[in-house]
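Quick note: the sequence shown uses my numbering, first residue 214, plus one each step.
Think of the CB as a built atom: it goes at the ideal place given N, C-alpha and C, for glycine as much as any other residue.
To start, the structure under review is shown below, and the notes come after it.
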Amino acid sequence: MRATSPVIVGRDEEIGLLSSALDAVRRRSGRALFLLGEAGVGKSRLVGECAYRAYGLGMPVLRGRATSTGLVVPFRPLVEALSSRFRAAGTPTDPELTPYHPALARLVPEWRKDASPGYPETVVELAEALLRLLSVLGREAGCAILLEDLHDCDTETVAVVEYVIDNLADLPILLLGTLRPEPGAALDLVRSAERRHCAAVREMGPLDDAQVRALTGACLESPPEEIPEAVHRRLTERAAGNPYLLEVLLADLLDTGRLRRTDGEWVAADQAEDSVPSDIVRSWARRLERLDEPVRDLLLASATLGSQFSVTVLQTVTGFEDRALFTHLRSAVEAGVIAPDGAAPDRYAFRHSLTAEALISSLAPAERASLARRAAAAIEHSGRPLDENGRQLVASLQLAAGNRADAALQFAEAGRRLLASGAYGSAVVLLERAHPLAAEADRAAVAESLAVARAQGGDLDGALALADALPPIPARSEPAARRGEVHIELAWAAVMAERSADAARQVDAARALLGPSPPPGRRAALVVVEGHLALLPGHGQRLPGPADARRTVREAAETAEAQGLPVVACQGWQLLALLLREEGFDAADAALERMLALSTEHALPVWRVEALVRLGANAFMRTGDASRLVSARAAATELGALLLTRTVDGLLAMNAVLGARWQEAREIIDGSAEASARVGNLSAHRYLLLAGATMAAHRGRRQEMDRALAAFRRAGGEQSLLVPLQSGLCRAFGALLDEDRERALSGLDAALAWESDHPSYFYLSGRYGLRPLLRVLAGEADRAELAQVRASSGASLAWNRQFLELAEAVLLGREGDAAGAAGAMASFDVSSAPFPVARHLGLRLVAEAAGTDGWGEPVAWLRTAEEFFYGAGVKPVAFACRAALRQAGASVTQHRGGWDLIPSPLRTSGVTPREYEVFVLLPERPGNQQIARRLSISPRTVEKHMASLLSKTGRADRAALCEFAAECAVEPV
């Protein structure tokens, strides 16, 4: 007889928390709540109550459970949760979710046709896609995702849950999780989230005496006061306040007749004094004895397989024919021991995980081991190939049978398969299980695989520590070849993490093992990883001469192709494309086209999109046209590669900045900067931050630029390859809009110095365009120097070409070749068309030289530049143009506006637009001479404006006025 309470007893506070969380989610205030408690304490009952209440509010409910069989199945609770919703409601068709179908393909089978085969989406990409999916599902009434038994789940699911709870604050999502207080990744996550105030945690204790009596009454459908005192005392002592144990013990009392209803009253027989564990085990043993022998054997075999089991595997182990098998399963269901698993038609589950444990505990140890051994042998010899789940099951059975070494081999093979599929966290778990179990002869190989899995999963420190602890082996042996490949993989992971010293150490270890003449494939892999390593900042080793480096890397890429190593070949062609930029962008593009063809041929979608992105970046640099980048982004989106998508967003943002498309740039940066940090794409995050700083610089907003560069520094930007762009494209260009050529040249010289000390293949820092122009204008560069710059491949880029054409025009004008200078200016008109700010700054820069040397149309250029910069709010350049026009004896257009830019309190005090232009410069505490240069006015005029500002603002002295201006925190107008 079953004794189950129809109501939840003693959990009013928990139900109140759930109700409050559901109400918050309906107001678009996301909540994460975890129920923490021992097995049987009632967590699942509360999850069911939450689901019931959510359904009543019209919320979509997604419910999944981790497997308690001991199998490591990546994302199982999430797959089950989404299936529970989509099986009934169908998959959502919102166009907003289309870009996320590929990333979610592992969770939603219906979307696998949209995914590119072989793309190993990262856990963070999948988590971001899941967050978007839940947001869409909860758009109208909120959404609840309920995940049970997280203590048993895989590390990938833990990582996804952590990402979701960290980012659901403003989304209509409730995440409810349950777990036992067992040490592990799930408990660590919950405690960390609680400390960070990202989640609420409710620890569920045992029921007290009154609650035990109330629960017993609910089970018996009788008033609590009718429960015999002896029964209540027994249940209180034996169940220790655990609802599940109470119900099991109560059912046993009813089944054995020790509690029965007589004449409308409950009557108790004598109660034996047994300990709690033996009580439960004996209870289940007695229930088994009352079942038919085939049903009993089936349940014992099922319990050996775990609390959840496959019908197919159970049939293999028991040997029952279909008819008999399902007859016995039906009998077990009717007895209330097992139930069909709603998540999969082929699976059944014990009604509680403790049930399976109790059944197994009813057997003698030798009998348990024998049963496990027979089950393992039946599965292994079934004739069906074992997938990673099957191997884990066999390993668990072998371990239960006492065969540690055989279990290790199965765990290790399952781990290697998960590693190959990209489930790095789960691979680590299985390989860590295998490592201490492995026989001495197998342990090193398991450790090597574990080191690679840790590195791929982001634990580079753990991987390196494990590699350091590997036992020594003879060089140039077969084990040394395998170990050498491990060191090469660790070196590549260290390069990707920008840890040059660790990468170099792994390369040295690989070379020591492989000897001076490694096999061609491994030699190619070493050359490629060493080439990428040499490009990292702070790495002492430099590449050989450019021609030698290009030849060596080309040979490595071709060798990798010939040896059937397409990934190494793609890495090589990618590196060669960078090196070939010095030779010319046509050659670089040819290497990328080869990479594209190879990745397409071998179905390597990540490398294919990498090739498209780099081809798009080259096209953008050469012409200023971003159309190929847009196509590359579409390919990355179709692939579900959120990391690559953010990389392209950075390039598109910088393209929009150079093209003065401020709104477009701002939308990209705002939409992707934070997202790139969330998905762990640090290089894209830095580039987006730099794009934001560069936009502020190109708009003449120095304070905004400084704030953005501070964020860039915090993200490690000054230890990255972006340093020369920060100094040249950002700071130096901004200095020119401040009319500070000395500071601009200083920034450009700093960029050049950095590039001289570090290998650099990025050509927008000013070295090949803006710096030569400023040196020509200052009379510091002659035609020979300019010719040398123009012979470089960087001179062919559209951004650089416009400045070099201006420099050519200035030199021709000085030489008296007015017609030649006019031709150079005509070329400048064409090449500068995509870059409005640079175009008008160029006109302002060369106008004075043209006026001095008597060529071109300097007055018209100054007027054009003045009108542009005045309209753009870049007043230092506008004022400089006005001053130059006056000096040339030309009329100057008067702009009488500007009152609307003055804050109301200052305007009320009588501050004029001209005075306000001085006021906004004061936070930097400049001297009068500096202000005069910035605004192209005389120092005497500055003095008059300062005196007027002191009077009108009521400040006692200049220091107080500067402090007041800083408090206003305004940008120069």
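Distance from the CA atom of L842 to the CA atom of A725, rounded to whole angstroms, is 42 Å. With fewer than three CB-CB distances shorter than 8 Å, the segment 223-240 does not count as touching the segment 403-412. With contacts defined as CB atoms closer than 7 Å, V377 and L344 qualify as a contacting pair. The three-state secondary structure of P985, taken from DSSP, is helix. Counted as a single uninterrupted DSSP element, the alpha helix (DSSP H) harbouring L1163 occupies residues 1152-1166. Take A738, set aside five residues on each side of it, and the residues of its chain with a beta-carbon closer than 6 Å to its own are I701, V781, in chain order. Scanning the segment 534-577 for uninterrupted alpha helix (DSSP H) segments of 4 residues or longer gives 535-547, 566-574, listed from N- to C-terminal end. Selection Q611, L663, A618 evaluated against A636 yields L663 as nearest (Cα-Cα). Straight-line spacing of the CA atoms in R426 and P456 works out to 11 Å. Taking a C-beta distance under 7 Å as the contact criterion, L778 and H745 do not qualify as a contact pair. Separation of G477 and L459 (C-alpha to C-alpha, rounded to the nearest whole angstrom) is 23 Å.
L360 is a Cβ neighbour of G390, given a cutoff of 7 Å. A1178 and C783 have their alpha carbons spaced roughly 55 Å apart. Between R899 and L935, the C-beta gap is smaller than 7 Å, which places the two residues in contact. Assignment of beta-bridge partners to V480 by DSSP yields R473. In the structure shown, the three-state DSSP call for V274 is strand. Nearest C-alpha to H541 among L518, H565, E506: E506. In the structure shown, I358 falls within a strand segment according to DSSP collapsed to helix, strand and coil. Here G390 carries a strand assignment [DSSP, helix/strand/coil]. In the assembly as shown, G1123 is an exposed residue. Its beta-carbon has fewer than 16 other beta-carbons within 10 Å. In the three-state reduction of the DSSP assignment, S730 falls in the coil class, being assigned neither a helical nor a strand state. Leaving aside the five residues that flank L677 on each side, the residues in its chain whose CB is nearer than 7 Å to its CB run, in chain order, L703, D715. Between V286 and D367, the beta carbon gap of about 6 Å places them in contact (Cβ cut-off 8 Å). For A245, the enclosing beta strand (DSSP E) has its first and last residue at 244-249. By the neighbour-count definition (other C-beta atoms within 10 Å, threshold 16), R300 is an exposed residue.
By the Cβ-count criterion, G872 is buried, with 16 or more other Cβ atoms from all chains shown falling within 10 Å of its own Cβ. Within the segment 831-912, complete alpha helix (DSSP H) segments of at least 4 residues are found at 840-852, 855-871, 875-891, 895-911, given in chain order. For the 7 Å CB-CB criterion, V1023 and A1062 form a contact.
Selection L448, E434, M417, D365 evaluated against A423 yields L448 as nearest (Cα-Cα).
Here Q521 is bridged, per DSSP, to A562. For A413, the three-state secondary structure derived from DSSP is strand.
Across the set L584, L612, F624, R764, the C-alpha of F624 shows the shortest separation from the C-alpha of D600. Under a 10 Å Cβ-count criterion, T525 is classified as exposed, with fewer than 16 other Cβ atoms of the shown protein chains found around its own Cβ. When C-beta atoms of the segment 720-735 are compared with those of the segment 685-702, three or more pairs fall below 8 Å, so the two segments count as touching. Ranked by how close their Cα comes to the Cα of A621, the residues A651, L643, S609 have A651 in first place.
Taking a cut-off of 8 Å for Cβ pairs, the segment 1157-1169 and the segment 1129-1146 touch, as three or more such pairs fall below it.
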